[in-house]
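The block underneath contains the structure these notes are about, expressed in structure tokens.
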Amino acid sequence: MTILYASPSVSFLADLLGVRLHTWRRLHRAAGWMTCAQTGFHIIFNLTGSQSILLRERGTVFGIIASASLLLVMLLPLPIIRRFIYPVFYSSHYLLAISVIYATWMHMLRGSSASWYLTYPILGTFGTTFLFEICITLYRNGAFGSCWSKGVTERRDDSSLRIEMAPGRPVVVLPGQYFNLWVPSLNPWSWFHVSSFTVTSLSVDKQHRLQFLAKRPNRSIGFTWLLTKSRRHLTFFSGPHGLSEPAPRYETVLLIASDAGMLAIKPETRRLCLAWHVSGQQMGMNLMTEMAGWINRLIYYNEEDKIHMLQTMVFDPKRLIGLIPGESGTRGRISRDSPNFNDILGNEVEGHRQRLVEDVKAERGKILVIISASDEVRDDLQQSAKGYLRWVRIVDLDYQPA
């Protein structure tokens, strides 16, 4: 159980271990299933043993509570259940995790010192990481400084949100990183809500102002919905979290996004090839129009500099954004069809091979594919990439649109 209670924040622990968030979540999930299996075996052995079990005993009652809470913890992440409780999923997960550890503590035999020794690594690891994270978070938010971090929320016509935050101390943000925001001043319920946002403003220097964009909330509950009711507020953040992939070591970088995944891809666009699939799911028109205008400016400035390294492909089968095929030049392609990732990867690999033939002495890297897209798009890409594993490396960003 040490892995399960190693830190109150999976983002902080993933950074501490130098792994991606989805990798640590898989380890966390595997440890949870292992603990659940061990609990099941423990129950079976006690039920089939010779010693009688008295349901009125305090240890037995707390054992049942711990087992039931653990079972609920394992059931809540199932997609069919999580879809309905998503706004309160993380709060429920934390409360059930606390119930499991407390009930297990009360279930343990008072006279067995060996059992108690097993709790010390859990408490020591959790206490150390928690104290370390609290100190770093308070310092970055302005503790012992001139002011605390503050945020301003702007609600736009399509109900999407623009959040501008002035951190207590300037921070350096790398492409692909994200922040966890906590706004305790909204209402008492907001004390239990922490939400992740990807940064849309990027600079090579320390940033004194951070910008986040959020899609419109589809439920009248949850952190994003609470933000729509407020404009200026005290905002605490932790981060930046996540690993940034060093793109310069690769010969070609292909960015693939769908809908709101464009927000996470945006900081990566420099000397890159961009493919954006627009389906309009849970993304406001203002957000889509803003991203379309940004793509046009990106192409325009790239043409001015005579660099000719950026190519963009926008797939808009539902014709939701105001980009017209043929108006963006030779390197800005807009299509009314759905993306064919097999063709996209095939063209990039073919171009990569040609560059190898033309300049054999040059040191050429592989093709890096960075993706922030829906499950359907990622599944299609994984299937298409099977024939190009020698040339292609796929990296999923920590932010993936639901």
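Using my numbering, count along the sequence shown one by one with no gaps and you end on 411. Note that beta-carbon positions come from the ideal geometry of N, C-alpha and C, so glycine has one too.
- For the pair His217 and Gly154, the Cα-to-Cα distance works out to about 14 Å.
- At least 7 Å separates the beta-carbon of Leu406 from that of Ala256.
- The three-state reading of DSSP puts Gly248 in strand, counting E and B together.
- The three-state secondary structure of Ser204, taken from DSSP, is strand.
- Burial state of Tyr408 is buried, judged by a 10 Å Cβ sphere holding 16 or more other Cβ atoms.
- In the structure shown, Thr134 adopts helical secondary structure according to DSSP, grouped into three states.
- Between Gly270 and Ser381, the beta carbon gap of about 3 Å places them in contact (Cβ cut-off 8 Å).
- The way I'd put it, the region 66–77 doesn't touch the region 91–102; fewer than three beta-carbon pairs between them come closer than 8 Å.
- Minimum Cα-Cα distance from Ala46 among the listed residues Met83, Gly58, Trp33 corresponds to Met83.
- Distance between Ile172 and Gly49, taken at the CA atoms: about 46 Å.
- Residue nearest to Val262 within the set Glu385, Val358, Cys144 is Val358 (criterion: CA-CA distance).
- Gly72 counts as buried, since at least 16 other C-beta atoms from the protein chains shown sit within 10 angstroms of its C-beta.
- Contact annotation: Ser194 and Gly177 have beta-carbon atoms that are not nearer than 7 Å.
- When beta bridges are read from the DSSP output, Arg342 appears opposite Met322.
- DSSP links Gly160 through a beta bridge to Met174, His242.
- As a beta-bridge residue in DSSP terms, Thr261 pairs with Ile376.
- According to DSSP, Ile403 shares a beta bridge with Val378.
- Rounded to the nearest whole angstrom, the C-alpha separation of Ile379 and Leu264 is 5 Å.
- Pairwise C-beta distances place the region 177–187 out of contact with the region 383–397, as fewer than three of them are shorter than 8 Å.
- When DSSP states are grouped into helix, strand and coil, Leu329 belongs to the coil group.
- In the structure shown, the three-state DSSP call for Tyr129 is helix.
- Comparing alpha-carbon positions, the option among Glu260, Ser16, Phe350, Leu236 lying closest to Gln363 turns out to be Glu260.
- In the structure shown, Gln186 adopts coil according to DSSP, grouped into three states.
- Straight-line spacing of the CA atoms in Ile89 and Arg35 works out to 19 Å.
- Bounds of the alpha helix (DSSP H) holding Phe21 are 19–26.
- By the Cβ rule, the region 14–22 counts as touching the region 126–135, because three or more pairs are nearer than 8 Å.
- Taking the Cα of Thr44 as reference, the smallest distance to any Cα among Ala394, Phe21, Leu79, Ile74 is reached at Leu79.
- Take Ile131, set aside five residues on each side of it, and the residues of its chain with a beta-carbon closer than 8 Å to its own are Met10, Thr11, Tyr14, Ile110, in chain order.
- When beta bridges are read from the DSSP output, Leu56 appears opposite no residue.
- Separation of Ile145 and Asn189 (C-alpha to C-alpha, rounded to the nearest whole angstrom) is 13 Å.
- Here Pro86 is exposed: its Cβ has fewer than 16 other Cβ atoms, across all protein chains shown, within 10 Å.
- With fewer than 16 other Cβ atoms from the protein chains shown falling within 10 Å of its own Cβ, Leu140 counts as exposed.
- For Gln391, the enclosing alpha helix (DSSP H) has its first and last residue at 384–394.
- Out of Leu390, Thr209, Glu163, Ser247, the CA that lies nearest to the CA of Glu277 is found in Thr209.
- It is roughly 24 Å from the alpha-carbon of Ile376 to the alpha-carbon of Thr207.
- In the assembly as shown, Ile94 is an exposed residue. Its beta-carbon has fewer than 16 other beta-carbons within 10 Å.
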